[in-house]
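Read in order, the letters of the sequence shown are residues 335 to 410 in this note's numbering.
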Amino acid sequence: MPEKKLSEREAACLQWAAAGKTSRETALILGVSERTVNFHVQNACRKLHARNRRAAVAMALTCGLLAACRNGRSSG
């Protein structure tokens, strides 16, 4: 389990990563810089004790912190 709750931005960045979006694509979607997206992903990795973006997405999905995605769309 994560040591702290993910922020709304951290969760959004991981949600888009789960949908297959790059940091650049996520930045365009969220209206922030690519560097800002990477900052939030790194914070999420730290909170989830994940070594990289993929591991953070997997952990967040396992912990129920993100909606499961199918073809870039969240289920439900």
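Glycine included, each C-beta is placed from N, C-alpha and C at the ideal position. Computed from a prediction, not measured in an experiment: that's the story for all the values here.
Under the DSSP assignment, A345 falls in the alpha helix (DSSP H) whose first and last residues are 342 to 352. Collapsing the DSSP output to three states places H383 in coil. Around N372, the same chain offers S357 as residues with beta carbons nearer than 6 Å, after the five sequence neighbours per side are excluded. Contact between L395 and A353 does not hold, since their C-beta atoms are separated by about 12 Å, which reaches or exceeds 8 Å.
Exclusion of the five residues before and after A384 leaves A390, M393 as the residues of its chain whose Cβ lies within less than 6 Å of its Cβ.
Cβ atoms of A401 and L340 stay farther apart than 8 Å, at about 13 Å.
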